[in-house]
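**Q** For reference, the structure I am asking about is given below.
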Amino acid sequence: MSAVRRSRAAVACLAATAALALTLGAAGCSTVGGGPDAAEGDAGPTTLTVYAAASLQEPFEDLGEQFEADHEGVDVEFSFAGSSTLVGQIQQGAPADVFASANTSNMDKLVDADLQAADPVEFTTNTLMIAVPAGNPAHVTDLASLTGDEINLVVCAPEVPCGAAAEAVERAAGVDFSPVSEEQSVTDVLNKVSSGEADAGLVYVTDVKKAGDGVEGIAFPESDSAVNTYPITTVKGSAQPELGQEFVDLVTGESGQQMLGGYGFGEPDTGGA
Amino acid sequence: MLLPALLGALFVLLPLVAMATRVQWGSFAELITSESSLQALRLSLQTSATSALACVILGVPLALLLARTSFPGLSLLRSLVLIPLVLPPVVGGIALLYTVGRQGLLGQQLELLGIQITFSTTAVVIAQTFVALPFLVISLEGALRTAGTRYEIAAASLGARPSRVLATITLPLVLPALLSGTVLSFARALGEFGATITFAGSLQGTTRTLPLEIYLQRESDPQAAVALSFVLMIVAVLIIAVARRRVTA
Chain A
57 MSAVRRSRAA VACLAATAAL ALTLGAAGCS TVGGGPDAAE GDAGPTTLTV YAAASLQEPF
117 EDLGEQFEAD HEGVDVEFSF AGSSTLVGQI QQGAPADVFA SANTSNMDKL VDADLQAADP
177 VEFTTNTLMI AVPAGNPAHV TDLASLTGDE INLVVCAPEV PCGAAAEAVE RAAGVDFSPV
237 SEEQSVTDVL NKVSSGEADA GLVYVTDVKK AGDGVEGIAF PESDSAVNTY PITTVKGSAQ
297 PELGQEFVDL VTGESGQQML GGYGFGEPDT GGA
Chain B
18 MLLPALLGAL FVLLPLVAMA TRVQWGSFAE LITSESSLQA LRLSLQTSAT SALACVILGV
78 PLALLLARTS FPGLSLLRSL VLIPLVLPPV VGGIALLYTV GRQGLLGQQL ELLGIQITFS
138 TTAVVIAQTF VALPFLVISL EGALRTAGTR YEIAAASLGA RPSRVLATIT LPLVLPALLS
198 GTVLSFARAL GEFGATITFA GSLQGTTRTL PLEIYLQRES DPQAAVALSF VLMIVAVLII
258 AVARRRVTA
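Chains as they are written, first to last, in the numbering used here: chain A, 57 to 329; chain B, 18 to 266.
Below, the structure is given as structure tokens:
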């Protein structure tokens, strides 16, 4: 009988271990990024590692291909995640050559830690838009129509940049939202809208563009009061600072700006940092 | 034997020690007694307790079925019941969304009844129960098989009805396993994050449990996130220790 007990316990233990291993595996993947390749890049092609805000994924992947085409033997690797996550990883020694943030406050964290190799340059902007499920079942028209109790509104939490922007437009419009959920990221908001769980959400213009047919976007004039500015810079300690700077130049240059515009991003404020 | 055991203990303890060294003890009390932290802690304890209860209500019959009956497809059913153990919780949340969400399998019927589950505290409990249930079922089924059926058969042959056998023989025999299984599922519910954020959303006082609050605080105030993580850890250790003493006493 004790043998049976033992084998049962072993099965339970195995299952738990498997679950743990899966969790660890998943967590490992997200933090490692292109790390080891970047460190051992001497033998093969040179690897340029770019840490960029998740919202930049599509235009940056396009720009990465263009960069690789222009620079023979250079391999551009990306790590896309929330800007604060990326700053945290760089502070812990992640091998980033270039960092592009979705807002100035996370870039400030990098600068405060004295990890920037050059002054950050503001290269693009993004504004908020109302996202509704296809067909707009709740008949949303503007910010004022988002305030009723019967509407399932989802926004970002004030702690994250898109939530701070949502608060700013709320103030500017003089309305009072009562969201059913304050999400961690703009992607979570978009998923709640595209799955039809939420009647409306506040996301960035670029997210609506990216979401395709499942989501409709409604522009509103108060979006001007919360313009999100994206800065980019090279990171101190990079093995190929010149190459990193060339990538920054590509992003801030004409073709980079065109690419970003194609995905719904706005032109940078000319006011400077 | 001793060295690997020590290594194993170190493997688990060292990260916890490392975290304790990062807690700013000077402002610890202030960090963890903010309104949002206290609400999150209260919500976590309430929902986890409810989920543990739900696990007992649903899990005991299921464990009995798996341990005491035999029918074609039994082993398949057992593997399916254990799936939430290996499923990434976020996927579990998506599956729940497809089940009781507005556009989900049962969403239409629920909407007709005027029930909306997503974005409610009920959704948090459902998500936690979904991921925690296998822990109870696994511990209890193992204990039931180990206990065997000898006493049950004897009681039945002396004229005891099945319900009496269950109440006076079967359940008392596996009580320690039932308790530890309940504690395990409570602990799993307490740490639940992925399914909750996907399925229930995140709103202070309604759906934002302590793990969600920790993840959110990390965005703006990493110190508070570390302090809260420490609180969550202490709560978990206390509950497991107390429950263990009850079980062995």
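Here a beta-carbon is modelled for each residue, glycine too, at the ideal position from N, C-alpha and C.
As the structure is a computational prediction, the values presented were derived from the model and not from experiment.
Would you mind giving the Cβ-Cβ distance between residue 246 (chain A) and residue 194 (chain A), rounded to the nearest angstrom? I have them listed as a contact below 8 Å.
**A** Between residue 194 (chain A) and residue 246 (chain A) the Cβ distance is about 16 Å, and since that is not below 8 Å, they are no contact.
**Q** Name the chain B residues whose beta carbon is nearer than 9 Å to that of residue 244 (chain A)?
**A** Chain B residues near residue 244 (chain A): 214, 215, 218, 219.
**Q** Going by CA-CA distance only, name the one from B:201, B:82, B:215 that's closest to residue 161 (chain B).
**A** Closest by alpha carbon: B:82.
**Q** At the 9 Å Cβ level, is residue 139 (chain B) part of the contact set with chain A, yes or no?
**A** With 9 Å as the cut-off, residue 139 (chain B) does not count as an interface residue toward chain A.
**Q** So residue 131 (chain A) is in the beta strand (DSSP E); what residue range does that whole segment cover?
**A** First-last of the beta strand (DSSP E) with residue 131 (chain A): 130–137.
**Q** Tell me whether residue 236 (chain A) sits in a helix, a strand or coil according to DSSP, three-state version.
**A** Correct three-state label for residue 236 (chain A): coil.
**Q** Unbroken alpha helix (DSSP H) runs of length 4 or more, entirely within the segment 156–211 of chain A: which are they?
**A** Runs of the alpha helix (DSSP H) inside the segment 156–211 of chain A: 160–168.
**Q** Report all residues from its chain with a CB closer than 7 Å to the CB of residue 113 (chain A); omit the five preceding and five following residues, and keep chain order.
**A** Excluding residues within five positions, the ones whose Cβ falls inside 7 Å are 136.
**Q** Counting only Cβ-Cβ distances shorter than 7 Å, please list the residues of the segment 122–139 of chain B near chain A, keeping chain order.
**A** For the segment 122–139 of chain B, which is checked against every Cβ of chain A, the residues closer than 7 Å are 135, 136.
**Q** Quick one: what's residue 284 (chain A) bridged to in DSSP?
**A** Partner(s): A:182.
**Q** Using a Cβ-Cβ distance cut-off of 9 Å, determine whether residue 41 (chain B) contacts chain A.
**A** No, residue 41 (chain B) does not count as interfacial toward chain A.
**Q** Suppose the cutoff is 7 Å on Cβ atoms and the five residues either side in sequence are ignored; what does the same chain contact list for residue 220 (chain A) look like?
**A** If we look at residue 220 (chain A) and ignore the five residues flanking it on each side, its Cβ neighbours are 214.
**Q** Let me know the alpha helix (DSSP H) ranges lying completely inside the segment 79–129 of chain B, each 4 residues or longer, listed in chain order.
**A** Within the segment 79–129 of chain B, the complete alpha helix (DSSP H) runs of at least 4 residues are 91–98, 100–103, 106–117, 124–129.
**Q** Name the residue from A:159, A:130, A:227 whose alpha carbon lies nearest to the alpha carbon of residue 283 (chain A).
**A** Closest by alpha carbon: A:159.
**Q** Residues of chain A with CB closer than 8 Å to the CB of residue 267 (chain B), please, in chain order.
**A** What the structure shows of chain B is the stretch from 18 to 266, and residue 267 (chain B) is not part of that stretch, so it cannot be assessed.
**Q** Leaving out the 5 sequence neighbours to the left and right, which residues in its chain are closer than 8 Å to residue 39 (chain B) when beta-carbon positions are compared?
**A** 243.
**Q** Examine chain B for any beta-carbon lying closer than 9 Å to the beta-carbon of residue 304 (chain A), and answer yes or no.
**A** Judged by the 9 Å Cβ criterion, residue 304 (chain A) is not in contact with chain B.
**Q** For residue 85 (chain B), would you say it is in contact with chain A, using Cβ-to-Cβ distances shorter than 9 Å as the test?
**A** Not one chain A Cβ lies under 9 Å of residue 85 (chain B).
**Q** Enumerated in chain order, which unbroken segments of the alpha helix (DSSP H) with a length of 4 residues or greater are wholly contained in the segment 129–190 of chain B?
**A** Counting only runs of 4 or more, we get 138–164, 167–174, 179–182.
**Q** Determine the closest residue to residue 152 (chain A) out of A:107, A:196, A:242, with distance taken between C-alpha atoms.
**A** Nearest of A:107, A:196, A:242 to residue 152 (chain A), Cα basis: A:107.
**Q** Starting from residue 232 (chain B), follow the alpha helix (DSSP H) in both directions and report where the run begins and ends.
**A** First-last of the alpha helix (DSSP H) with residue 232 (chain B): 227–237.
**Q** Kindly say whether residue 76 (chain B), judged by its beta-carbon, lies nearer than 9 Å to any beta-carbon of chain A.
**A** Taking Cβ atoms only, chain A never reaches closer than 9 Å to residue 76 (chain B), which makes this a no.
**Q** At a CB-CB cut-off below 7 Å, which residues of chain A make contact with residue 119 (chain B)?
**A** Per Cβ cutoff of 7 Å: 252, 253.
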